[in-house]
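Residue 221 in my numbering sits at position 12 of the sequence shown, and the numbers go up by one each step. Data first, discussion second: the structure below is written as structure tokens.
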Amino acid sequence: MFRKVLAITVFLLGSSLTGTSQEWLIASSESFLKANSKEVKTSGEEILLIDLFKAVDPALSVDLASWEALQNELDIKASKSSDQLQLLRQIFQKSHQRLFKKYEQHSSFNEMLTNGNFDCVSGSASLGMLLERYGFEYEIIETDYHVFILTAK
210 MFRKVLAITV
220 FLLGSSLTGT
230 SQEWLIASSE
240 SFLKANSKEV
250 KTSGEEILLI
260 DLFKAVDPAL
270 SVDLASWEAL
280 QNELDIKASK
290 SSDQLQLLRQ
300 IFQKSHQRLF
310 KKYEQHSSFN
320 EMLTNGNFDC
330 VSGSASLGML
340 LERYGFEYEI
350 IETDYHVFIL
360 TAK
């Protein structure tokens, strides 16, 4: 639960860093939820995190092929080895190879998936979801102008 609250905080921080108004964010999330009601889990009414991050920039259509390819590659690596430190290195390295092409301030999660432009928010969100998937504990650190992830493994 704590991690989900932190992830939502990153989402909201990302929208504020990109200059998104609260009114637009509320209207956009309401229309996104109506259009994607099948994406909402009935147990606990939780939105899948990837859909929440995609909702920040709904005008940009996104193909999740690069995200799914990254997860598939990491799933194979995770199943072949029990070395957690090596898996952590692979998560970082493969994320940069497949997703993080160019650091550009105020890039959205959708831009990262579409053309590789990322910022501290979209990069931290991606790494957080991957760390969560493979059982790593992490903390999202937020400063006045930056967000990053810290893991202890």
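In this text, a Cβ means the ideal position worked out from N, Cα and C, and glycines have one as well.
Could you check what DSSP says for residue i in three-state terms: helix, strand or coil?
i	result
glutamate 351	strand
phenylalanine 327	strand
glutamine 306	helix
phenylalanine 357	strand
Does the Cβ of residue i have 16 or more other Cβ atoms within 10 Å, making it buried, or fewer, making it exposed?
i	result
glutamate 277	exposed
glycine 344	exposed
aspartate 328	buried
alanine 274	exposed
glutamate 254	Interpretation of glutamate 254 is limited by its pLDDT of 29, a score under 50 that renders its predicted location unreliable; no figure is taken from the coordinates.
glutamate 320	buried
aspartate 353	exposed
valine 249	Low confidence applies to valine 249: its pLDDT is 35, below 50, so where it sits in the model is not reliable enough to give any reading.
Please return the same chain residues whose Cβ sits closer than 7 Å to the Cβ of residue i, not counting the five positions on each side in sequence.
i	result
lysine 286	Leu296 and Gln299
glutamate 346	Thr360 and Ala361
serine 316	Asn326, Phe327, Asp328 and Ser331
Closer than 6 Å by C-beta to residue i: which residues in its own chain qualify, once you throw out the five before and the five after it? Chain order, please.
i	result
glutamate 313	Asn326
glutamate 348	Leu359
Is the CB-CB distance between residue i and residue j below 9 Å?
i	j	result
leucine 339	serine 288	no
phenylalanine 357	serine 335	no
glycine 337	phenylalanine 309	no
Spatial neighbours of residue i within its chain, please: C-beta separation below 8 Å, excluding the five flanking residues on both sides.
i	result
glutamate 282	Lys303 and Arg307
serine 290	Leu296
histidine 381	Nothing can be reported for residue 381: it is not among the residues displayed for the chain, which extend from 210 to 362.
glutamine 280	Leu339 and Arg342
To test your reading of the DSSP string, which unbroken alpha helix (DSSP H) runs of 4 or more residues are found completely within the region 273–299?
For the region 273–299, whole alpha helix (DSSP H) runs of length 4 or above, ordered along the chain, are 274–289.
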